[in-house]
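So the sequences go chain by chain: U, G and V. Counting from 409, one number per residue, gives the positions in the first sequence under this note's numbering. Counting from 388, one number per residue, gives the positions in the second sequence under this note's numbering. Counting from 224, one number per residue, gives the positions in the third sequence under this note's numbering. Notes for the one structure printed next.
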Amino acid sequence: MALLEATGMVGGYGGMDILNGVDIAVEAREIVVIIGANGAGKSTAMKALFGLINLRAGKVTLNGADITGAVPNALVAHGMGYVPQERNVFRTMTVRENLEMGAFLKPGTQARVMEQVFALFPVLKEKAAQPAGELSGGQRQMVAVGRALMTEPKLLMLDEPTAGLSPLVMEQIFDRIVAVNKAGIGILLVEQNARQALAIAHRGYVLATGRNRFTGTAEALLANPEIGQSFLGG
Amino acid sequence: MDMQLFGLIMYAISLATMFGIYGVLCLGLNLQWGFAGLFNAGIAGFFAVGAYATAILTSPESPNYLGGFGWPPLLALPIAMLLSGLIAWPVGRICLGLKGDYLAMATIGISEIIRLILKNEDWLANGTMGISTVPRPFESLGQPWGNVAFLGFVLLVMAILYLAAERAWISPWGRAMRAIRDNELAAAAIGKDVVRFRLEAFVIGSMVMGLGGALSAMYFKFIGSSATEPLLTTFLVWVMLIIGGSGNNRGAMVGAGLVWLIWSGTELLTNRLPAEWITRSSYMRALLIGILLIVVLQRFAKGVLPEKPPRRIDG
Amino acid sequence: MEALADFCNLYFFPGIAVGCIYALGAVGISLIFAILRFAHFAHGDVMTLGAYLAYSLVATLGWSVYVALALAVLGGALASVLIDQMAYKPFRRSPGIIVVIASFGVMLVVRSLIQLFWGVDVLNYETGIRMPVPLIGDFRMAQKHIIIIVVSIVIAASLHWFLSRSRMGKAMRAMSDDADLARISGIDTERVVRWTWLIGGGLAAAAGVFAGINSKLHPSVGWDLLLPLFAAAILGGIGKPYGAIVGGLAIGVAQEVATYPWIGDLPLVPPAYKNAVAFFVMVCMLIWRPTGIFRGRVL
């Protein structure tokens, strides 16, 4: 049984459909990446999985339970974590407070999980008392990931976690994502930096105009010349 | 003539006159809220300026307060409008570049300050006693024809305003205004001077409210602090516009008529209540109006006559 | 020295007491703005409701008004949650200005209910004159002012503890920072909203009772304070509860001190025009710094 399984997702904003039938699945302990051109519906698909967009058709299950149309709050309680691309930290609150907010649903395990997050991102421990708005882009991304880890999710969804970061910092973030995955958490990524993302992923989906275009293992996608030309920048 | 029938006719005339006055106020508010999305919480203030200006200019001379200039009533109307506009201008200038809540807070502020001044400055407008010698046009015709003529005058004013507002709605000015209301950034991006358009709508709307105040002072032949209570001006006019349908000039007038019928109709009902309840009846009416406003806003936010969507241009 | 004592006894100390009342009211307005993004126009009437709840306890059970205060705060808090659930909840996804119109309706409902239940006569919590309490030298303070100030300080300190230390307080700050992110993080935003009304309504009720103690009780006691409350919230930077405390104190002191005969023998500003001082401050802030001294969030 797949950890996350979405079939035939159709929906969008207002009256406009952006997704015209998208299937996505993530197995336990897997890293899966969604790539595609701008406007292909990558971020929209992820938002739909997290209940931020109402689906007109399709079904989403998490660990076999139907979660279609569930609100974010319930999904977090169910073991899903989501890191949006922009505005993903509470800028006026300290790093520690940001992590506490992540643990809002599970105050009991807060202290223990926070130590794990600090072990994963040692720089956050140093900056624990600093307002998150004062951190660098990469550090802010770490706070956002840390915040999403505080509920000990089974599946972590990241929307373009490396957007706007320098190559060096991007590498660090990907490295940490692998570390999170090694701890037994399934990862679903939306990425512009497709080649680097496929390098750490097990499987990938290529979306075009709101539909699945290619699906396969990361190696197969990287080896496919058509994908290389259109989606990986040659 | 049968006395009872005569009384009924006079009552109908007074209902219709009040409908006309509130219709004017609603059309003014629709210019601000319906056209431009501006929240004016101080209708009472602009109403008061128009009403007091008219009273001071047209009433006979008195040693107790400023004025008694004895002007002909019709000449006072443009001055009343001008004064209301002059007060609206700086308020708009300060607030219209900011988020809507600021305009709401500032207008409630200016309105309370205006009422405070009129209440306290005896030399200006006889303080809490008010001015009770305001002449009404066509009075000399006696009852009922004088009342009928004044009713005709009020309805004429409302009709002219309505036609002007309808023209404005479909004019480039009206379209720009609605564009700004619905998407400020997009309108600014195509080069519309957002603040200037808003300022125009705000000032013109406030002038119309001043006109409504002037007509009201003439009709009652009196203006005092009790007549500028926000309940009877600001609140009632807002309820009328929301219920009638903001963004629709005809809706504004229908709302004025409907709510005034409810307001005065419940007065007839509550007058039959036991004596100890009659004194409280006006609070029950305010309660009813408040509940009505919330329910309409929740369930029928578009009002009786909703705003018409723009006509599509095919081809 | 004697002149200074007179100035403090008659203008400055009462100004601080009035400022505490404004601060308690303005904190609620600012908190509600921070969480729900609209200016709550019915806040003055929630204050009035609290004041009358306390009056009923004083009049029927013979309680001291300071004991009745606690229950009035509870009543104001619960009433505010009820108002929110019935009147404002359907507008969570609407533009803020629509909720402002709804709060106009709430204003009418609350005030007319007060007028129906308690009538429109001017009432007093207690009659008789109390001598001011001597402090140091010639300095004196009215007992009611001392109590208002002390209780307000206790309330402000508890609020600070709540917002900076408690889980719910932090969640309120998180939601004020970014409501969408709060929802995504798994914060129960509807619970945060309920807490916001509990606190805002409770503080408003306390402010209302204090306003009644400070002068008299009548159905528009809260409405009359709406203008200074907004001025205080804007001065402190709307959406900033700590700013609202500073703003409230500043407006209260400014209003009282402005009636001192600074030039000649007459008050600089006639007492009837105290609210004009608040309006003046509000207008100045809107012109020079609409975000307030503590840089609030709206523009």
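Where a beta carbon is used, it is the ideal one built from N, C-alpha and C, also for glycine. Source: prediction; values computed, not measured.
Worksheet item: Looking at the unbroken alpha helix (DSSP H) that takes in G419(U), where does it start and where does it end?
Response: For G419(U), no alpha helix (DSSP H) run applies; the uninterrupted beta strand (DSSP E) run containing it begins and ends at L412 to Y421, by DSSP.
Worksheet entry | First and last residue of the uninterrupted beta strand (DSSP E) at L563(U) | Counted as a single uninterrupted DSSP element, the beta strand (DSSP E) harbouring L563(U) occupies residues L563 to D567.
Worksheet item: Based on the DSSP output, what are the partners of I610(G) in its beta bridges?
Response: Here I610(G) is bridged, per DSSP, to I518(G).
Discussion item. With a threshold of 6 Å on Cβ separation, who are the neighbours of G578(G) within its own chain once the five nearest residues in sequence on each side are excluded?
Written reply: Excluding positions up to five away in sequence, the list is empty.
Discussion item. Could you give the first and the last residue of the continuous alpha helix (DSSP H) run that contains T441(G)?
Written reply: Taken as a continuous stretch (DSSP letters only), the alpha helix (DSSP H) holding T441(G) covers I430 to T445.
Worksheet item: Should L509(V) be flagged as near chain G, meaning a C-beta pair shorter than 8 Å?
Response: Chain G contact via Cβ: present.
Worksheet item: Can you tell me whether DSSP reads G636(U) as helix, strand or coil?
Response: Of the three classes helix, strand and coil, the one that applies to G636(U) here is helix, per DSSP.
Fill in: DSSP bridge partner residues for K467(U) (one or two, in chain order)
Answer by DSSP bridge pairing, in chain order: T415(U).
Fill in: Sequence-distant residues of its chain with Cβ nearer than 7 Å to E413(U) (five each side left out)
Correct list, in chain order: A433 and T469.
Worksheet item: When you compare only the Cα positions, how much space is there between T502(U) and G690(G)?
Response: C-alpha separation (whole angstroms): 47 Å.
Discussion item. I'd like the span of the alpha helix (DSSP H) that includes L656(G), first residue to last.
Written reply: Residues N636 to T657.
Practice prompt. Could you tell me if S381(V) is buried or exposed, where buried requires 16 or more neighbouring beta carbons within 10 angstroms of its beta carbon?
Written response: Answer is exposed; the Cβ neighbour count stays below 16.
Worksheet item: Any heavy atom of the ligand MG closer than 7 Å to the CB of L680(G)?
Response: The ligand MG is not among the ligands present in this structure, which contains no ligands whatsoever.
Worksheet item: What residues in its chain sit with their C-beta under 7 Å from that of E508(U), if we drop five residues either side in the sequence?
Response: Q518, listed in sequence order.
Item to complete: Rank N471(U), M565(U), V418(U) and Q604(U) by C-alpha distance to the C-alpha of Q580(U) and give the top, closest one.
Response: Closest option to Q580(U), Cα to Cα, is Q604(U).
Discussion item. Would the stretch 441-455 of chain G count as touching the stretch 463-476 of chain G if we require 3 or more Cβ pairs under 8 Å?
Written reply: Counting C-beta pairs closer than 8 Å gives three or more between the stretch 441-455 of chain G and the stretch 463-476 of chain G, which meets the contact rule.
Discussion item. I need the DSSP call for A688(G), collapsed to helix, strand or coil.
Written reply: Secondary structure at A688(G): coil, using DSSP grouped into helix, strand and coil.
Practice prompt. Between the Cα of A282(V) and those of N347(V), G459(V) and L331(V), spot the shortest distance and give me the residue it belongs to.
Written response: Selection N347(V), G459(V) and L331(V) evaluated against A282(V) yields N347(V) as nearest (Cα-Cα).
Discussion item. Give me the chain V residues within the contact set of M501(U), using Cβ-Cβ distance strictly less than 9 Å, ordered along the chain.
Written reply: Residues of chain V passing the Cβ test: K393, R396, A397 and D400.
Worksheet item: In chain V, which residues lie less than 8 Å from Q419(G) when you measure between Cβ atoms?
Response: Contacts between Q419(G) and chain V, judged by CB atoms closer than 8 Å, are missing: the closest CB pair is about 12 Å apart.
Worksheet item: Roughly how many whole angstroms lie between the Cα atoms of E553(G) and M565(U)?
Response: If you take the alpha carbons of E553(G) and M565(U), they lie about 53 Å apart.
Worksheet item: Expressed to the nearest angstrom, what Euclidean distance is found between the alpha-carbon atoms of A566(G) and A428(G)?
Response: So the alpha carbons of these two residues sit roughly 23 Å apart.
Worksheet item: Is there contact between the stretch 254-274 of chain V and the stretch 435-451 of chain V, where contact requires at least three CB pairs shorter than 8 Å?
Response: Contact check between the stretch 254-274 of chain V and the stretch 435-451 of chain V: three or more CB pairs, one atom from each, fall below 8 Å, which counts as touching.
Item to complete: Could you check the C-alpha separation between I510(V) and I481(G) for me, to the nearest Å?
Response: I510(V) and I481(G): Cα-Cα distance of roughly 6 Å.
Worksheet entry | Minimum Cβ-Cβ distance from D389(G) to chain V less than 8 Å | For D389(G), the answer is no, since every Cβ of chain V falls outside 8 Å of its Cβ.
Fill in: Contact set between Y490(U) and chain V, taken where Cβ atoms lie within less than 8 Å
In chain order, I407 make up the part of chain V whose C-beta sits under 8 Å from the C-beta of Y490(U).
Worksheet item: Beta carbon of I408(G), beta carbon of I518(G): below 8 Å?
Response: No, the pair does not count as a contact, with Cβ atoms beyond the cut-off.
Item to complete: Could you check what DSSP says for L679(G) in three-state terms: helix, strand or coil?
Response: The answer is helix: DSSP assigns L679(G) an H, G or I state.
Discussion item. By the DSSP assignment, the alpha helix (DSSP H) with I244(V) in it spans what residues?
Written reply: Annotation for I244(V): the continuous alpha helix (DSSP H) segment containing it runs F236 to L259.
Worksheet item: Can you tell which of A571(U), V430(U) and E542(U) has the C-alpha that lies nearest to the C-alpha of K450(U)?
Response: The residue with the shortest Cα to Cα distance from K450(U) is V430(U).
Practice prompt. Ignoring anything shorter than 4 residues or poking outside the stretch 329-416 of chain V, list the alpha helix (DSSP H) runs there in chain order.
Written response: Entirely contained in the stretch 329-416 of chain V, the alpha helix (DSSP H) runs reaching 4 residues are, in chain order, 366-388, 390-400 and 402-407.
Discussion item. Which of the three DSSP states is assigned to D425(U) in this structure?
Written reply: Residue state, collapsed to three classes: strand.
Worksheet entry | Identity of the residues DSSP links to I443(U) by a beta bridge | In DSSP, I443(U) forms a bridge with V614(U).
Practice prompt. Could you tell me the distance, in whole angstroms, from the CA atom of L606(U) to the CA atom of G612(U)?
Written response: Going by the C-alpha atoms only, they are around 7 Å apart.
Item to complete: Alpha carbon to alpha carbon, how far is A274(V) from F453(V)? Give it in angstroms, no decimals.
Response: In this structure, the straight-line span from the alpha carbon of F453(V) to that of A274(V) is close to 20 Å.
Worksheet item: Between E627(U) and I461(U), what straight-line distance do the alpha-carbon atoms span, to the nearest angstrom?
Response: Roughly 32 Å between the two C-alpha positions.
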